[in-house]
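> Residue numbers (the working numbering): 607 to 888. Note that CB positions come from ideal geometry on N, CA and C, so glycine has one too. What you are looking at is a predicted structure, and each value in this text was computed from that prediction instead of being measured.
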Ligand SMILES: NC(=O)c1ccc[n+]([C@@H]2O[C@H](COP(=O)([O-])OP(=O)(O)OC[C@H]3O[C@@H](n4cnc5c(N)ncnc54)[C@H](OP(=O)(O)O)[C@@H]3O)[C@@H](O)[C@H]2O)c1
């Protein structure tokens, strides 16, 4: 039987760990050859050990730097011959706290990765996909894509930008043969949620995150399956879709499981969270 992504070549930024690695594994299992990119060579080497030999390659790339993203595209082309799928997954967040307290370099890092990185990745991907009149470009959304989130302004406003940017790009390129899609993976239990930073004095405000992860967190496998569907022929002709793993049913399911746990007096499984304190910007 032909696999869903047989003969497809996919580039996944931030594919070295967390959700990106989950997506790379799902794509490889579906027959694709994958190129993963992240900023650290040691993480790339580790990720390649978790991907099937002969089906994966990796290169160091900071998505905020256009030249490095261009080099990523060239590397994918040289290694596997073409690019069919490009996932702008690399993302990070700033310390939790008031915008005026966030160190400027931390705020700018979010802008450079979540906004400039998605712009760079989209431009390079389209350079390959538009002339070949086919391809799937998938940009990652996240909390704040539709609603402002105080104390998480850098991250949330960047995701609102990604949503608008992606949908406008899709409208501009309708009928080009390239599907441009936006994807919110829901709450994914990764370093992004477990290794968090808070401005001094705001650490305790992050404690409820443990409960939130327990109730609604998914391992990367589940959203990775949705990302697989997005990259497949199932979305042919469906450019401009914004897909979310979150749903009211899922939210209710988490609450129901928690209620059962309390009724049965079962202890809550520990969710180890590391909160690093960051000094305010003044
Ligand atoms: N976790 C969630 O609950 C959640 C929810 C909604 C949306 N998302 C989105 O899903 C995506 C993946 O998140 P995650 O939870 O898997 O995060 P993660 O575990 O922190 O992994 C982030 C990945 O991005 C890479 N990365 C970060 N900055 C980069 C840069 N400037 N250039 C290249 N690579 C970079 C990291 O590798 P290096 O550090 O080695 O560079 C790593 O591979 C993000 O866009 C995030 O906003 C996550």
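1. Would a C-beta distance cut-off of 7 Å place residue 847 and residue 787 closer than the cut-off?
2. Residue 755: beta carbon under 6 Å from a heavy atom of ligand 1?
3. Does the pairing of the segment 706-714 with the segment 657-668 give three or more beta-carbon distances under 8 Å?
4. Assuming residue 896 and residue 633 are in contact, meaning their beta carbons sit under 8 Å apart, how far apart are those beta carbons, in whole angstroms?
5. According to DSSP, residue 787 sits in a beta bridge with which residue or residues?
6. Check whether the Cβ of residue 798 lies closer than 6 Å to any heavy atom of ligand 1, and answer yes or no.
7. Could you name the residues of the same chain whose beta carbon sits closer than 8 Å to that of residue 887, not counting the 5 residues immediately before and after it, in chain order?
8. Looking at residue 646 and ligand 1, is the gap between the Cβ and the nearest heavy atom below 6 Å?
9. Residue 791 and residue 628: beta carbons closer than 7 Å?
10. Starting from the C-beta of residue 636, find all residues in its chain whose C-beta is less than 7 Å away, skip the five residues before and the five after it, and write them out in chain order.
11. Return yes when at least one heavy atom of ligand 1 lies under 6 Å from the C-beta of residue 623, else no.
12. So within the segment 786-859, which uninterrupted beta strand (DSSP E) runs reach at least 3 residues, ignoring any that extend past its ends?
13. The alpha helix (DSSP H) that contains residue 644, what's its start and end?
14. Nearest-angstrom Cα distance between residue 796 and residue 735?
15. Which whole-angstrom value is the C-beta distance of residue 700 and residue 716, which I expect to be below 8 Å?
16. Which one of 625, 755, 816, 747 has the shortest CA to CA distance from residue 879?
17. Should residue 853 go down as buried or exposed, given a rule of 16 or more other Cβ atoms within 10 Å for buried?
18. Nearest-angstrom Cα distance between residue 650 and residue 665?
Taking the coordinates as given:
1. If you number the chain shown from 1, residue 847 lands on position 241. If you number the chain shown from 1, residue 787 lands on position 181. A contact, by the Cβ cut-off of 7 Å.
2. Here residue 755 refers to the residue found at position 149 of the chain shown. Incorrect: residue 755 has no Cβ contact closer than 6 Å to ligand 1.
3. no
4. Shown here, the chain extends from 607 to 888; a query on residue 896 therefore has no answer.
5. Counting from 1 along the chain shown, the entry for residue 787 is found at position 181. Looking at the DSSP assignment, residue 787 forms a beta bridge with 744.
6. Working through the chain shown from its first residue, we reach residue 798 at position 192. For ligand 1, at least one heavy atom lies less than 6 Å from the Cβ of residue 798.
7. Start at 1 with the first residue of the chain shown, and residue 887 comes out as number 281. Excluding positions up to five away in sequence, the list reads 706, 707, 708, 709, 710.
8. Position 40 of the chain shown holds residue 646. Yes.
9. Walking along the chain shown from the start, residue 791 turns up at place 185. Walking along the chain shown from the start, residue 628 turns up at place 22. No; because the gap between Cβ atoms is not below 7 Å, this pair is not in contact.
10. What you label residue 636 is simply residue 30 of the chain shown in a count that begins at 1. Excluding residues within five positions, the ones whose Cβ falls inside 7 Å are 609, 610, 611, 834.
11. For this step, residue 623 is matched to residue 17 along the chain shown. Residue 623: yes, Cβ under 6 Å from ligand 1.
12. 801-805, 848-850
13. The residue given as residue 644 occupies position 38 in the chain shown. From DSSP, residue 644 is part of no alpha helix (DSSP H) but of the beta strand (DSSP E) over 639-644.
14. Along the chain shown, read from residue 1 onward, the residue named residue 796 stands at position 190. Along the chain shown, read from residue 1 onward, the residue named residue 735 stands at position 129. Going from the Cα of residue 796 to the Cα of residue 735 covers about 31 Å.
15. Locating residue 700 in the chain shown gives position 94, counting from the first residue. Locating residue 716 in the chain shown gives position 110, counting from the first residue. Yes, they are in contact, since the Cβ atoms of residue 700 and residue 716 sit about 5 Å apart, within 8 Å.
16. In the chain shown, counting from the first residue as 1, residue 879 sits at position 273. Ranking the options by Cα distance to residue 879, first place goes to 816.
17. If you number the chain shown from 1, residue 853 lands on position 247. Under this definition residue 853 is an exposed residue.
18. As a position in the chain shown, residue 650 is number 44, starting the count at 1. As a position in the chain shown, residue 665 is number 59, starting the count at 1. If I take the Cα positions, the gap works out to 7 Å.
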